[in-house]
Ligand code: SF4
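Numbering (this note's numbering), first residue to last: 2 to 421.
Dropping the structure here:
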């Protein structure tokens, strides 16, 4: 992990909504966007509140029409996190959103380019200390009329780069647009340069981070369904964040946006860029040694502990003791499965030996008891020196590796675990 790049800081929010800083020394903020119509106030508010409950720091909403900006005062009255108005095509929507008390404006140089109109938005934001994100997404600039000329003039700057011409257009467009802001002495700016192409995302943000000190809003746009978009997004965003680049992230899925928030947070937790909330779960992938339905168990444990446990307790769910004790070392709570039973450890101390059907409840009870002890100051999380002395696989876990060695694996074949 490289140290985070130093940027200016912008702050969103007001006395009635959480204040969230982006850039500077602030933690990387998580954003998402509502998927319904903004003018449908009740469903818009419900969606914002769901995203906030999932951990979103900021939520963006589209305001394509007057009826959307008219809904803003009531929406803002009913939510308590900062809201960004996504403005395309008509600068008046930005002015109306500012008037309604919005916390940030997103402008697209590709479709609001009239200098006088941009200046009006900048001045209105300046008067109310509202930051602006400039989004030079690939899709919004690629249709520029002078694209061919630009490519010829500036492509050479990035001639060694596989996306040279696109990078040149993105950066030139950004520079031109930023000049309008700088002329008006406005610096409360975040920048994004999204594309559906993960390698272009890495290159664009890397180049932009060398040239400007504004906080960067990372994202892969139009990434697709969650199943593939998770990798498409987290690979380039993780790469950039590990290189110290990026101050806020939005993962985009063609799916429920709550997943965007959950996955963005998990990515930041993995990179230790945000303090984990809730359980840190690791689990073995299973192999031919497995003697419980571990896939079902892991899913049940994940759901149950997400609902019941608030502290970032490290929990390990291991299918056997072959690699389990080593990999679970340092786990606060660990379970090693054997022949349809499991042995549970809390910080290295063996606390229970239960049949498969009781594993979930017992694990939850041990996590709750441990959480209470931590909250009471009687235990602390993440003791790195926890050593787990493995249980006896034959006597205690009934696994009988001797049975496996002898070819007696009938008990294994009766399992109907779906490994897809
Ligand atoms: S912990 Fe045991 S069951 Fe799980 S993958 Fe490792 S060896 Fe296989």
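Built from N, CA and C at the ideal position, the CB exists for glycine as well.
- Query: Does the pairing of the segment 328 to 343 with the segment 364 to 378 give three or more beta-carbon distances under 8 Å?
  - Reply: yes
- Message: Going by beta-carbon coordinates alone, are residue 53 and residue 73 separated by less than 9 Å?
- Response: Their beta carbons are not under 9 Å apart, which means residue 53 does not touch residue 73 by this criterion.
- Message: Using a Cβ-based criterion (distance less than 8 Å to any ligand heavy atom), does residue 291 qualify as near the ligand SF4?
- Response: yes
- Quick one: what does DSSP say residue 268 is sitting in, helix, strand or coil? In the structure shown, residue 268 adopts helical secondary structure according to DSSP, grouped into three states.
- Using the Cα positions of residue 96 and residue 66, report the straight-line distance between them to the nearest angstrom. Each residue's alpha carbon lies about 12 Å from the other.
- Query: Between residue 321 and the ligand SF4, is the CB less than 8 Å from at least one heavy atom?
  - Reply: yes
- By a C-beta neighbour count over all protein chains shown, 10 Å radius and 16 as the cutoff for buried, is residue 348 buried or exposed? buried
- Is residue 99 helix, strand or coil by DSSP? helix
- Query: Which one or two residues does DSSP pair with residue 21 in a beta bridge?
  - Reply: 13
- Item | Contact the segment 267 to 279 vs the segment 374 to 389: 3+ CB pairs below 8 Å | no
- Can you check whether the CB of residue 119 is closer than 9 Å to the CB of residue 175? Not in contact: residue 175 and residue 119 (Cβ atoms no closer than 9 Å).
- Where do the N-terminal and C-terminal ends of the beta strand (DSSP E) with residue 88 fall, by residue? 84 to 88
- residue 224 and residue 209 closer than 9 Å at C-beta: no
- Message: Is residue 287 near the ligand SF4 - that is, is its Cβ less than 8 Å away from at least one heavy atom of it?
- Response: yes
- CB of residue 328 to nearest heavy atom of the ligand GDP: below 8 Å? The ligand GDP is absent from the structure shown, which contains only the ligand SF4.
- Message: In the DSSP output, what is residue 249 paired with across the bridge?
- Response: 30 and 218
- Three-way DSSP call (helix, strand, coil) for residue 232 in this model: helix
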